[in-house]
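Using the UniProt record's numbering, you'd call the opening residue of the sequence shown number 1 and step up by one each time. Beta carbons: idealized from backbone N, C-alpha and C, even for Gly. Values in this document were obtained by computation on a predicted structure and should not be read as measured data. I have placed the structure first, in the form of structure tokens, so that the comments after it can refer back to it.
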Amino acid sequence: MCSEGLRERYVNPYTNFAFKLLFGTDLNKEILIGFLNALFDGKQVIEDVTYLNTEHLGSKEIDRRAVFDVYCENEKGEKILIEMQRGEQQFFKDRSIYYATYPIREQAIKGEIWDYELKAVYVIGILNFALDDVSSSGFRHEVKLMDTTTHEVFFDKLTFVYLEMPKFHKTEQELDTLFDKWMFVLKNLARLMERPTALQERVFNRLFEAAEIAQFSKENLYAYEESLKVYRDWNNVINTAIQKGIAEGEWMKAKAIAGNLKNAGLSIAEIAKVTGLSEDEINSL
């Protein structure tokens, strides 16, 4: 069934409900495996995943709680944590480091002698914003612990992958790799009315089936609509804050110009005409 209030054919994967439906359920495990194998691009091949509890408490009662979007392990016991970050967060890299401590600490063998050998941990951040402190125009960043002298990887069992979605600009005709196709569908799924001809791989059969809103049960449709409302409300808050910041910035700039003109001896009327400020605002400077 489909709500009359929804015009889109497919879900918005940036919503909490849709992302977890597509990537965080046993029913759609094939989708997650396909995405991860495209992401790793042959560096490793994942044959199966087991979903793990996404809610984690610190080792002490006073520790903060961490809730992951998707948390799983592959057939080798390596831990994979995926976060869809919908809104800009100033310290997202710090947060991803903090989150990585959970799958690391969980590997400690309690009550037994443990030699500290770890399984690999991967933290993947899908970001609906660009990182302020990253100057590269590339959208994919893979980060490992590196020896700063030799510039070689020092420890290869801890990997962070950050995907800056706003920096991905390829059209359907420009999709060269399977990973390009995943990035395209993640960015554009909610705007598509038909399955693109470039996305013919079998894994996309399952993705488009699972993402079609018309096939949702009444309960899933309601849950998706609520999640979509939260997503849209959040975007409205962010956009309002941005516009307010721009407006306040322009006002502060006008005040600075008015102050300089006032010191230069221009009349209040002339300053008001140049800056757009009221005479009362200029007199108060």
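Taking the alpha carbon of residue i as the reference point, which residue from the options has its own alpha carbon closest?
i: L81; options: Y51, L192, R7; result: Y51
i: M165; options: K43, L145, F139; result: F139
i: K144; options: F184, K167, K93, L189; result: K93
i: M252; options: E172, I282, L175, Y224; result: I282
i: R9; options: K181, K218, E212, E75; result: E212
i: I46; options: G77, K181, L285; result: G77
i: K157; options: K43, D69, S284; result: K43
i: L131; options: E88, T159, S96; result: E88
i: V134; options: W114, E112, D176, F91; result: F91
i: L22; options: I113, D280, Y224; result: Y224
i: S278; options: W234, K255, K110; result: K255
i: E73; options: K110, I113, W114, G24; result: G24
i: R7; options: M146, M193, G249; result: M193
Which first and last residues belong to the beta strand (DSSP E) in which residue i is found?
i: N12; result: Element bounds for N12: n/a, residue is neither H nor E.
i: E142; result: 140-146
i: E83; result: 79-85
i: L127; result: 121-127
i: T50; result: 49-51
i: V45; result: It is not in any beta strand (DSSP E) - V45 carries neither H nor E in the DSSP assignment.
i: Y116; result: Segment: none, Y116 is in no beta strand (DSSP E) and carries neither H nor E.
i: E73; result: 70-74
Do residue i and residue j have their CB atoms nearer than 9 angstroms?
i: E226; j: F17; result: yes
i: E201; j: L178; result: yes
i: Y231; j: T54; result: no
i: S137; j: K167; result: yes
i: L228; j: N12; result: yes
i: A258; j: T240; result: no
i: F204; j: R195; result: yes
i: S96; j: F40; result: no
i: K20; j: V70; result: yes
i: K128; j: Q85; result: Looking at the sequence shown, residue 128 is not Lys but Asn. In this structure, Q85 lies closer than 9 angstroms to N128 by Cβ.
i: N28; j: L207; result: yes
i: F184; j: E172; result: yes
i: E75; j: D48; result: yes
i: L189; j: K181; result: no
What is the residue span of the alpha helix (DSSP H) that residue i lies within?
i: I104; result: 92-105
i: N37; result: 29-40
i: N283; result: 279-283
Given 8 angstroms as the limit, tell me if residue i has its C-beta closer than that to any heavy atom belonging to the ligand MG.
i: A272; result: This structure simply doesn't include the ligand MG, nor any ligand for that matter.
The segment 106-122 touching the segment 16-34, judged by at least three CB pairs closer than 8 angstroms | no
How about the segment 123-136 and the segment 92-105: do they share at least three Cβ pairs that are nearer than 8 angstroms?
-> The segment 123-136 makes contact with the segment 92-105: 3 or more CB pairs, one atom from each, lie closer than 8 angstroms.
Alpha helix (DSSP H) runs contained entirely in the segment 157-242, provided each spans 4 or more residues = 178-188, 202-211
Any chance the segment 144-153 sits against the segment 104-114, with 3 or more Cβ pairs inside 8 angstroms?
-> no
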